[in-house]
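Novice: Here you go, one structure.
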Ligand code: AMP
Ligand code: GLY
C-alpha cells in the first residue's frame, strides 16, 4: 500500500520510520517532510491547504492511506474532503476535531457526559468573565477558546492576574482564538499524557507519556511545544489507565457518537492525576510531539495495521504489543527557541549518535543542503533511546546527544527527572 503522511516534525519522522517497518507499506510519501524523513519517505511539496491538490496526488499515486500528523489540517477539514473523495485517512473530521479546536466545546461535552474535569465558565465578554471570578478559588486558569499554539493558557494566582489575562485575550492577543474565553478551576497533581486509538465506536489504549513543556532545566522558563518526553509514565499505573479509559475516554467516544460527530483517529488526553483520580485538562486530536516518538519506540505491533483498523472501524479486532522497555526523547532546539530560532547552522555527528544501540534520531526541523544537514526550525532533533528503565534510556539518549556536534543548538539536561527520581531505590 502507498502512504501519504502530512507534516514535517519529529512526530511525522517517527510515524514514517515505524510505518516503513510494516510489510504492507510500499511507497511512503511525506509532505513537506524534512531531511530525516527523506531517508524513509519521498518528500513532496504539496500545498496541504489545497485539498483538491492533495486528493489529486492521492489518486495519481494510488495512495491507500493518508496519515494527517498536525492539528491544523484536521481543524481545516482535510479529513472531511478526503472522506468525500473516498480516500482512506487517519485523523478526525473537522467536527470531531473541535475536541482540540475549542476548549469550550470539550468542557461542555465533559459536563454533559459527566467526564471529570475542572469546573468552568465560557465567556464572550470581559465583564461577565471578570464577574465569574468572584467566589472562585485561586489560582484559576484563563484560556483562549481556540488554537493558540500552546500559548493561550494563563495560570493566574489572583483576580488581578486573571483580569489581565481576560483583557489580553479579548484584546486580541490570540486573534480569533481568543474571541471566547474559558475560565476553569486549577487542578493540582501530576500531569500525564494518555493516548488511545478510536475508530468512531471502539477505543484501544495506546500508552502514557510525560512531556516537559518548559524550555529550561528544572521546568523553568517559557512554555514550548515540548522539550522531551518519556514513556511509560509511572504515575499512570494500570489502575489509573483503566480509570482513564472508563471515566474519560469511553464516555468521550460515546458522547461524540451521540452528537453525530464520531471521533476517528488518535485521542490525546492531557490529564491531571489529582487526589481524586484522573481529570481531563484538554484533548488533542493527534499524536503528541515529542510524545509520539517515545510511543513509536515502544510499539512492537505493526503501526500501519493499527492506523488502517482505526480508519476502517475494525479496532475491536486489534491487539497491540508494547515493549516493557522505557523510551525517552531529548529535543535539541536551535538557539532562540521558543522565540525566533536561528536557522541554517550545520549539524554534524548524526551518524555517530545513531550508531549507539537502541538510539534513533528523529528529525524535527532539518533541511539537506548538499552534503550538509542544517537546522531549519525551532525544535530540530529528537534524540530518542530505549532502556530497561527510564534512567537507562536517559543515559543512552544523552550519550547520543553528546555525539552531536552542533554549537548553535541546545537541549535540557534533565529530561525524565521525575521518573528517574522515582526509580531510585
Ligand atoms: P493546555 O493548553 O490546556 O494543555 O494547557 C497548557 C498547560 O497549562 C497544561 O499542560 C497544564 O500544565 C496547564 N493547565 C491547563 N489547564 C490547567 C488546569 N485546569 N489546572 C492546572 N493546570 C492547567
Ligand atoms: N507535546 C505536546 C503536544 O504535542 O501538544
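Numbering (our numbering), first residue to last: -8 to 416. Ideal Cβ placement from N, Cα and C applies to all residues, glycine included.
1. What distance in whole Å lies between the Cβ atoms of residue 288 and residue 192, which are believed to be in contact at a cut-off of 8 Å?
2. What residue range does the beta strand (DSSP E) around residue 247 cover?
3. Between the Cα of residue 332 and the Cα atoms of 316, 413, 294, 399, which residue gives the shortest distance?
4. Per DSSP, which residues does residue 214 bridge with? Please list them.
5. With a Cβ-Cβ cutoff of 8 Å, do residue 341 and residue 395 count as a contact?
6. Would you say residue 343 faces chain B, with C-beta separation under 8 Å as the test?
7. Would you mind stating whether residue 216 and residue 280 have Cβ atoms separated by less than 8 Å?
8. May I ask you to verify whether the region 286 to 300 touches the region 263 to 276, counting CB pairs closer than 8 Å and requiring at least 3?
9. Where residue 251 and residue 241 are concerned, what is the direct C-alpha to C-alpha distance, given to the nearest angstrom?
10. Could you round the C-beta distance between residue 421 and residue 411 to whole angstroms and report it? I think they count as a contact, below 8 Å.
11. Identify whether residue 165 lies in helix, strand or coil by the three-state DSSP scheme.
12. Can you give me the C-alpha to C-alpha distance between residue 307 and residue 190, rounded to a whole angstrom?
13. Let me check understanding here. Comparing Cα to Cα, which of 284, 13, 256, 403 lies closest to residue 274?
14. May I have the straight-line CA-CA distance separating residue 174 from residue 283, to the nearest angstrom?
15. Taking residue 263 as part of the beta strand (DSSP E), name the residues at either end of that continuous run.
16. Return the chain-ordered ranges of every alpha helix (DSSP H) run that is complete within the region 98 to 140 and spans a minimum of 4 residues.
17. Tell me which residues share the same chain as residue 183 and place their Cβ nearer than 7 Å to its Cβ, disregarding the 5 neighbours each side in the sequence.
18. Closer than 8 Å by C-beta to residue 413: which residues in its own chain qualify, once you throw out the five before and the five after it? Chain order, please.
19. Would you kindly work out how many angstroms separate the C-alpha atoms of residue 16 and residue 122, rounded to a whole number?
20. Is the beta carbon of residue 109 sitting closer than 8 Å to the one on residue 270?
21. For residue 93, which residues from the same chain have a beta carbon less than 6 Å from its beta carbon, with the 5 sequence-adjacent residues on both sides left out?
22. Over what stretch of residues does the beta strand (DSSP E) that includes residue 21 continue unbroken?
23. Look up residue 387 in the DSSP assignment and give the residues it is bridged to.
24. To the nearest angstrom, how far is the alpha carbon of residue 397 from that of residue 353?
25. So if DSSP puts residue 420 in a beta bridge, which residue, or which two residues, is it bridged to?
26. Excluding five sequence neighbours on each side, which residues of the same chain lie with their C-beta closer than 7 Å to the C-beta of residue 26?
27. Please indicate yes or no: does the CB of residue 282 lie closer than 7 Å to some heavy atom of the ligand GLY?
28. CB residue 144 to CB residue 329, shorter than 8 Å?
29. Please classify residue 219 as buried or exposed, where buried requires at least 16 neighbouring CB atoms within 10 angstroms.
30. What number of angstroms, rounded off, separates the C-alpha of residue 116 from the C-alpha of residue 161?
31. Relative to the ligand GLY, is the shortest distance from any of its heavy atoms to the C-beta of residue -7 smaller than 7 Å?
32. Is residue 186 near residue 259, with beta carbons less than 8 Å apart?
33. Where are the alpha helix (DSSP H) runs, 4 residues long or more, that stay fully inside the region 43 to 69, in chain order?
34. Let's test the definition: count the other Cβ atoms within 10 Å of the Cβ of residue 339 and tell me whether it reaches 16, buried, or not, exposed.
35. In terms of residues, what are the limits of the alpha helix (DSSP H) holding residue 92?
36. Does DSSP classify residue 160 as helix, strand or coil?
Specialist: So, from the data block:
1. Not quite, the Cβ-Cβ distance comes to about 29 Å (not below 8 Å), so this is no contact.
2. No beta strand (DSSP E) contains residue 247, which is instead part of the alpha helix (DSSP H) from 241 to 249.
3. Nearest C-alpha to residue 332: 399.
4. 205
5. yes
6. You won't find chain B in this structure, because it holds only one protein chain.
7. yes
8. Two segments are said to touch when three or more pairs of C-beta atoms, one from each, lie closer than 8 Å; by this definition the region 286 to 300 does not touch the region 263 to 276.
9. Each residue's Cα considered, the two are about 16 Å apart.
10. Since the first and last residues shown for the chain are -8 and 416, residue 421 lies out of range.
11. coil
12. 9 Å
13. 256
14. 29 Å
15. Element bounds for residue 263: 255 to 265.
16. 117 to 124
17. 199, 201, 224, 226, 227, 262, 264
18. 225
19. 56 Å
20. yes
21. 136
22. 19 to 23
23. In the DSSP output, where bridge partners are listed per residue, residue 387 has none listed.
24. 15 Å
25. The structure shown does not extend to residue 420, since the chain is modelled only from -8 through 416, so no value can be given for it.
26. 354, 357, 358, 359, 364
27. For residue 282, the shortest separation between its Cβ and any heavy atom of the ligand GLY lies below 7 Å.
28. Not a contact, by the Cβ cut-off of 8 Å.
29. buried
30. 7 Å
31. no
32. yes
33. Qualifying alpha helix (DSSP H) stretches, in chain order: 62 to 66.
34. Classification of residue 339: exposed, given that the 10 Å Cβ count is below 16.
35. 89 to 92
36. helix
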